[in-house]
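Shown next, in structure tokens, is the structure this report addresses.
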Amino acid sequence: MIQLKVNGSSKQFSGDPEMPLLWYLRDQLKMKGTKFGCGMGLCGACTVHVDGKPARSCQTSMKAAEGKTILTIEGLYAKGKQEHPVQKAWKQCAVPQCGYCQSGQIMQAAALLKDKPKPNDKDIDDAMQGNICRCGTYQRIRQAIKLAAGVQA
Amino acid sequence: MNRVEHVSRRGFLSQVFSAGSFILGAKLLPLDAVAATTVPSWQPGVFVGLSPSGIVTIVAHRSEMGTGVRTVLPMVIADEMEADWKRVKVEQAIGDAKYGSQNTDGSCSIRDFYDAIRQAGASAKLMLERSAAEQWKVPASECRASNHEVIHTSGKKLGYGALVALAAKQPVPKIEELTFKKESEYRYIGKDVPMIDLNDLVSGKGTFGMDAEVPGMVFASIERSPVYGGKYKSHDDTEARKVAGVTDIVVIPDFKPPHMFQALGGVAVIADSTWAAMQGRKKLKVQWEASPHASFDSDSYKKELSDKARLPQKVVRNVGDVDAEFGRAAKTIDAQYYVPHLSHAPMEPPAAVAEFKDGKVTAWTATQNPQAVQDAVSAALGIDKKDVICNVTLLGGGFGRKSKPDYVCEAAILSKKLGKPVKVAWSREEDIQFDYYHAVASMYMKAAVDGKGKPTAWLHRSVFPTIGSTFDPSAKYGQEFEMGMGWVDLPHDIPNHRAENGPADNHVRVGWMRAVANIYHAFAIHSFMDELAASAGRDPVEYLLDVLGKDRKVLIKPEGMAYWNNTMTQDKYPVDTARLRRVIELAAEKSGWANYKPSKGKALGIAAHRSFLTYVATVVEVEVDDRGQLKIPRVVFAVDAGKIMHPDRVKSQFEGASVFGTSIALHGEITAKNGRVQQSNYHNYQVARMNDAPYQTDVHIVKSDAPPAGVGEPGVPTVAPAICNAIFRATGKRIRELPIKKQLVNY
Ligand code: FES
Ligand code: FES
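Chains as they are written, first to last, in the numbering used here: chain A, 26 to 178; chain B, 15 to 761.
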């Protein structure tokens with residue numbers, strides 16, 4: 026039996042320990058905010074926080090999630106809670122087009138700002154280049170990160 | 015005649031509008047067609063309703079894949095209707111021929127529906143004003159609608175909700191009676207209203223096709239023939255069935271040519287979760303018959319196409335006498351260009367849930383074209399089209415891939431066999447290996463030039479497999495729409511001009527991808543134009559304007575076919591060189607072209623192109639370092655798309671096109687060996703990322719009163735040639751084949 030915490034609540038899992046966390050979140054917990062884009066750690070659509078660090082849930086097996094604290098997009102902006110500054114900036118910059126990549130982008134950006142509250146362009150490139158946006162919203166993602174961080178665009 | 019009429023709350027409308035609502039529908043055909051009595055069954059397609067509680071409901075009949083169309087069309091209605099946007103609810107339409115075309119493709123949503131939606135809004139507004147006048151027993155001229163209420167000159171007011179019953183009895187006004195708002199009166203049009211889905215999209219709440227779920231549904235993962243046309247022979251599922259969670263193995267019959275939007279066929283592993291289905295499929299062993307396409311090899315195919323492009327082919331446009339001029343001219347220049355097969359690779363791979371029950375199919379899917387889902391699924395299952403109910407989710411990108419519903423057919427076929435709802439979610443590998451690829455093209459260009467380097471004759475040969483093969487496997491030449499996409503309509507002032515199209519066989523499925531045939535035509539034309547400028551030693555902007563000639567509307571007359579012009583008349587949407595000139599000048603001005611000092615490895619490049627009735631000029635700045643690393647600090651677009659509804663979403667489409675075009679220029683290439691596509695995921699089919707996408711894209715919109723034109727696609731074609739033209743000026747290296755990939759190493 027694998028124990029883990031997802032968005033603050035304790036969960037138990039008894040299925041295939043090799044199953045990626047992504048499919049546990051989506052198929053079992055029905056938390057569909059975390060997206061599938063490649064299944065190979067190449068696109069970042071499935072990004073969540075594992076013990077506070079950004080991780081690709083398609084590359085994180087349930088076995089590896091044992092005892093870990095998971096935060097997903099649903100937990101970043103939970104009901105009754107304040108909107109996360111990254112989400113707020115995202116709205117202000119009207120970042121999303123189709124929106125499919127944006128959960129992953131937002132989780133990645135939120136982790137970046139926790140790590141580096143005042144990122145420069147290089148920090149942003151380094152942190153965000155693993156997250157593909159096929160609609161091409163990179164410019165606004167950069168703007169929104171800077172807005173949330175309060176650094177000059 | 016007004017296109018607008020009362021509609022009653024029947025059939026599907028009863029689920030959208032509440033009881034007692036006042037509902038108007040607007041017809042979508044052009045007015046002359048509406049007037050003609052030859053369209054007896056023509057019904058309204060745009061619907062707006064007002065409930066007694068004062069809520070306005072507008073049906074969004076187009077698919078949302080990131081353009082904002084689901085917000086913008088209703089927003090225009092609301093504005094003309096003087097409805098308060100906060101009290102407007104948008105309902106997504108299911109697939110239904112009633113709506114007219116729902117195929118969200120071809121950059122035409124605003125263009126095609128603008129008149130109808132304005133008239134719907136303005137009619138509703140006038141009817142509400144008249145209702146209030148009736149209630150108050152005052153002349154209607156004393157009543158004015160404003161922000162969800164009608165106000166009398168005396169100051170008394172009635173909310174929209176209170177007027178529902180009377181409005182429902184008002185005759186629909188004649189079109190001459192309608193007044194449309196002036197620009198200064200707009201509340202929402204031109205004002206960058208936030209997308210209705212914005213909150214959902216930043217909090218993981220939007221429902222995409224990949225997220226659709228119905229009770230009792232099972233998950234399928236499908237093995238398909240790795241070679242197009244390879245038929246199913248046999249399979250061994252012993253190991254697959256041992257995987258925990260796997261419940262069934264189902265053979266999906268092979269498609270029968272033409273492939274159209276049919277399921278390709280294959281063997282499906284059915285399981286109780288996505289993961290189990292995927293694991294089971296890894297253990298499945300399938301034998302395929304040999305396919306006639308098993309020898310397909312991209313290298314030899316490229317050579318075949320390129321050889322053909324060097325020989326005379328079918329003439330598709332002919333002005334003057336190109337050969338005579340070539341014979342006479344003191345100088346001729348030629349070059350050959352190539353663009354490979356490309357994959358759409360939308361962030362959300364194709365996905366659908368379908369449930370077959372009591373002879374009917376209900377589908378929930380990310381589709382650009384729910385009526386094509388109805389057609390394809392009804393054909394696959396032999397049921398009536400009206401028995402296919404297609405619910406449209408949000409689309410995680412489309413780019414043309416999701417106008418082809420083969421994946422929905424798969425889900426429907428499986429559901430019928432299994433008697434339960436089935437979810438088919440493609441992996442990225444399936445997406446890239448079984449796409450309807452953007453067609454490869456080889457293009458040969460030749461020009462005769464005068465003393466100033468200006469072309470006096472221009473020959474453009476293009477050889478590419480046609481999308482027509484989707485519907486007719488024997489089709490080998492381009493279709494009108496492929497020729498009409500920025501090729502046979504080149505408006506430049508060149509006295510002798512010939513276009514020729516050579517035949518090409520098809521060995522994979524090809525299909526529309528964002529900007530379609532414009533991609534390769536624009537790459538060849540605008541690269542070659544730049545080569546001519548360079549050979550003449552002239553400034554590319556000055557040269558382009560010179561070759562464009564004096565301002566005029568060019569009547570396009572291709573050989574042996576009609577000019578496609580995005581299905582619009584040249585009367586309403588002429589090919590206007592003045593508008594092309596204006597965007598070139600604007601892009602040059604905004605990019606600081608005249609004063610820009612190129613240095614080693616650093617320069618600007620330009621390309622200007624008309625597509626989807628929109629005029630676009632793009633200036634790109636590149637920086638190439640000593641090792642051939644390319645950076646794109648800046649892209650400047652100047653855009654004339656006619657009337658604009660939502661400037662911010664127009665800008666975002668061009669920002670996106672800047673990145674999409676960069677992906678094509680830098681990375682995009684699908685190749686096949688022994689009939690199999692060699693790429694499989696984002697590591698070997700790369701797309702632009704944060705660190706190699708243009709750092710900044712500026713979009714300058716020409717203010718225009720011309721009828722609305724396209725926005726979603728026309729930003730794409732200019733990007734690759736402008737990048738390559740900039741690279742030439744920065745490095746002296748001319749890129750004639752895409753993608754650039756490693757071509758700049760040690761330039
Ligand atoms: S789905 Fe996990 S990185 Fe792409
Ligand atoms: S917004 Fe569509 S993939 Fe990023």
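Even glycine gets a Cβ: it sits at the ideal position worked out from N, Cα and C.
Since residue i is in the beta strand (DSSP E), which residue starts that stretch and which ends it?
i: residue 246/B; result: 246-250
i: residue 28/A; result: 27-31
i: residue 697/B; result: Taken as a continuous stretch (DSSP letters only), residue 697/B belongs to no beta strand (DSSP E), as it is neither H nor E.
i: residue 629/B; result: 628-638
i: residue 114/B; result: Per DSSP, residue 114/B belongs to no beta strand (DSSP E) and is neither H nor E.
So, with DSSP's three-state summary, where would you put residue i?
i: residue 169/B; result: coil
i: residue 423/B; result: helix
i: residue 451/B; result: strand
i: residue 409/B; result: coil
i: residue 217/B; result: coil
i: residue 680/B; result: helix
i: residue 124/B; result: helix
i: residue 158/B; result: strand
i: residue 618/B; result: strand
i: residue 472/B; result: strand
i: residue 88/B; result: helix
i: residue 501/B; result: coil
Excluding the 5 residues preceding and the 5 following residue i in the sequence, name in chain order all residues of the same chain whose CB lies nearer than 8 Å to its CB.
i: residue 255/B; result: 263 and 294
i: residue 55/B; result: For residue 55/B, the pLDDT reaches just 40, beneath the cut-off of 50, and the residue's location in the model is therefore unreliable, leaving the point undetermined.
i: residue 419/B; result: 275, 366, 379, 381, 383, 386, 387, 390 and 391
Can you list, in chain order, the residues of its chain with a C-beta nearer than 6 Å to that of residue i? Leave out the 5 residues immediately preceding and following it.
i: residue 34/B; result: 66
i: residue 51/B; result: In this prediction, residue 51/B has a pLDDT of 36, which is less than 50 and means its spatial position is unreliable; nothing more can be read from the coordinates.
i: residue 114/A; result: 169, 172 and 173
i: residue 657/B; result: 722
i: residue 204/B; result: none
i: residue 681/B; result: 700 and 753
Excluding the 5 residues flanking residue i on each side, which residues of the same chain have their C-beta closer than 7 Å to its C-beta?
i: residue 331/B; result: 502, 511, 512, 513, 572 and 573
i: residue 123/A; result: 160
i: residue 80/B; result: 411
Just how far apart, CA to CA, sit residue i and residue j?
i: residue 646/B; j: residue 153/A; result: 17 Å
i: residue 535/B; j: residue 522/B; result: 21 Å
i: residue 402/B; j: residue 175/A; result: 51 Å
i: residue 304/B; j: residue 245/B; result: 7 Å
i: residue 65/A; j: residue 44/A; result: 13 Å
i: residue 703/B; j: residue 673/B; result: 8 Å
i: residue 77/A; j: residue 218/B; result: 19 Å
i: residue 333/B; j: residue 524/B; result: 31 Å
i: residue 52/A; j: residue 287/B; result: 7 Å
i: residue 820/B; j: residue 709/B; result: Here chain B comprises residues numbered 15 to 761, so residue 820/B is not present and cannot be evaluated.
i: residue 132/A; j: residue 141/B; result: 49 Å
i: residue 133/B; j: residue 18/B; result: 7 Å
i: residue 366/B; j: residue 407/B; result: 10 Å
i: residue 324/B; j: residue 475/B; result: 8 Å
i: residue 38/A; j: residue 31/A; result: 12 Å
i: residue 151/A; j: residue 671/B; result: 23 Å
i: residue 265/B; j: residue 283/B; result: 9 Å
i: residue 589/B; j: residue 198/B; result: 30 Å
i: residue 597/B; j: residue 466/B; result: 24 Å
i: residue 109/A; j: residue 148/A; result: 20 Å
i: residue 257/B; j: residue 450/B; result: 32 Å
Between residue i and residue j, how many whole angstroms is the CB-CB distance? I'm expecting something under 8 Å.
i: residue 592/B; j: residue 540/B; result: So it is not a contact: roughly 19 Å between Cβ atoms.
i: residue 368/B; j: residue 260/B; result: About 20 Å separates the two Cβ atoms, so there is no contact after all.
i: residue 483/B; j: residue 117/B; result: That belief does not hold up - the Cβ atoms of residue 483/B and residue 117/B are roughly 19 Å apart, past 8 Å.
i: residue 156/B; j: residue 180/B; result: 16 Å between Cβ atoms; not a contact.
i: residue 744/B; j: residue 612/B; result: 7 Å
i: residue 42/A; j: residue 88/A; result: 4 Å
Considering residue i, what are the terminal residues of the alpha helix (DSSP H) in which it resides?
i: residue 146/A; result: 146-153
i: residue 312/B; result: 312-323
i: residue 289/B; result: 288-297
i: residue 714/B; result: That residue, residue 714/B, is in no alpha helix (DSSP H); its beta strand (DSSP E) goes 710-715.
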